[in-house]
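Below: one structure, written as structure tokens.
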Amino acid sequence: PSVPSSSSRGTFERPLISRSLFLVSSLILLHTRFTTTASASSPTVTSRASYYPASASFVPALTARSPRALRSLRSLSSISKKVSEKSVGMSILESPSAERNKGPIWDVLSSSVLPALPIDENDPVRVLEVAAGCGVHTQHFVSQLINNGYNGRLQWHPTDPDSQCRNSINTRMVLHANLQHCVAPASSLTLNAQGIAEEQQQQQHQCESTTDFMETMAIKDMNMIVCINMIHISPWEATVGLMKLASCSLQKGGILYCYGPFKVGGTAVSSNMRFDQSLRQRNPSWGVRDLEEVVHEAEVNNLKLLQTMDMP
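Residue numbers in the sequence shown follow the working numbering, run continuously in steps of one, and reach 304 at the last position.
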């Protein structure tokens, strides 16, 4: 099942409380104490993988930029030559909810997530954005990263299953030429219970391996995966696929950052419970998920929850 576009997400009632989650790849051991603004304190963790709560953050990757990735980034510049001013205005989508939360999310990314990534000062930063929507977060986070010293190191890969959203992201990059060299053209990525739907389709027709597919998309060895407001506005199978993707795509010490409303112990604040009911009325396969179920699915894929943080 495909993940809805951010234009639909923006029409929903804004929940009172959202949470940030961080995931770290299972190939390293963490011996760090993380604090949280939630009621329960965070334990000291020695884990194979981790969930970190708070808005996503971006850090340099441990691998060099591949020729394929460079070609992907350069190809975006050719788009600007083909887009007229009229078509630019028509192709940009807006998301009020993304505009509201981009600031608080960036604050968490910059203060909690980036410092937790195991990277050196001059390493490249490779970020995969899942369900990127119309590009509000892409534009804001990349701008902030460039302003904070990541220019020349950042490799941002936005994805969304909706073609209008991808066009909106690419158009935003055309209008902000200073970001183009850091952002690859938006690509289609649809999650289901088996992982990436596009990969499965390719395997049926070409019998290509998972490694070949992910290398083609340039989404291997990522430092960070960012997934904002997708889990509750998509079928549960998309969350299952997200954890499978993170397990395969993140490099050692990489982090999956998730933002959105969650239930704890089957309940949440009253506004989030009403939001959950509204979502299920719109689509029975949607809904505010139980944090415990999301954590379990993460652990099945060698990821572990380290911290949760209440967010606006």
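Beta carbons: idealized from backbone N, C-alpha and C, even for Gly.
These numbers come from a predicted model, not from an experiment.
Going by beta carbons, L146 and V134 fall inside the 8 Å limit. For the set G127, V122, H288 and P276, the Cα lying nearest the Cα of L248 is the one of V122. As a beta-bridge residue in DSSP terms, Y249 pairs with F14 and V218. With a threshold of 16 other beta carbon atoms within 10 Å, A169 falls short and is exposed. In the DSSP assignment, P150 falls within the unbroken beta strand (DSSP E) covering L146 to P150. Per DSSP, reduced to three states, the secondary structure at L295 is coil, with no helix or strand assignment.
Fewer than three beta-carbon pairs drawn from the region 266 to 274 and the region 230 to 247 are found closer than 8 Å, and the two stretches are therefore not classed as touching. For V256, the pairing in a beta bridge is given by DSSP as T259. Following the DSSP letters along the chain, one finds L181 in no beta strand (DSSP E), marked with neither H nor E.
The residue from N140, C126 and E191 with its alpha-carbon nearest to that of S102 is N140. K94 counts as buried, since no fewer than 16 other beta carbons sit within 10 angstroms of its beta carbon. Per the coordinates, the alpha-carbon of I223 lies some 28 Å from the alpha-carbon of P116.
Secondary structure of G125 (DSSP, three-state): coil. Under the 8 Å Cβ criterion, the region 169 to 181 counts as touching the region 149 to 156, having at least three qualifying pairs. Here DSSP, grouped into helix, strand and coil, assigns G233 to helix. Checking the DSSP bridge columns, you'll see V119 partnered with W148 and M216. Distances from the CA of D213 to each of H149, R164, T130 and G233 were compared; the closest alpha carbon is that of H149. As a beta-bridge residue in DSSP terms, R281 pairs with F254. In terms of Cβ geometry, L283 and V256 form a close pair [threshold 8 Å]. Across the structure, T300 and E191 are spaced so that their CA atoms are roughly 31 Å apart. As the crow flies, the alpha-carbon of N143 is around 15 Å from that of I111.
Taking each of I84, H132 and M235 in turn and checking the Cα distance to G187, the smallest one comes out for M235.
Per DSSP, M165 lies in no beta strand (DSSP E); the unbroken alpha helix (DSSP H) holding it starts and ends at S155 to L167.
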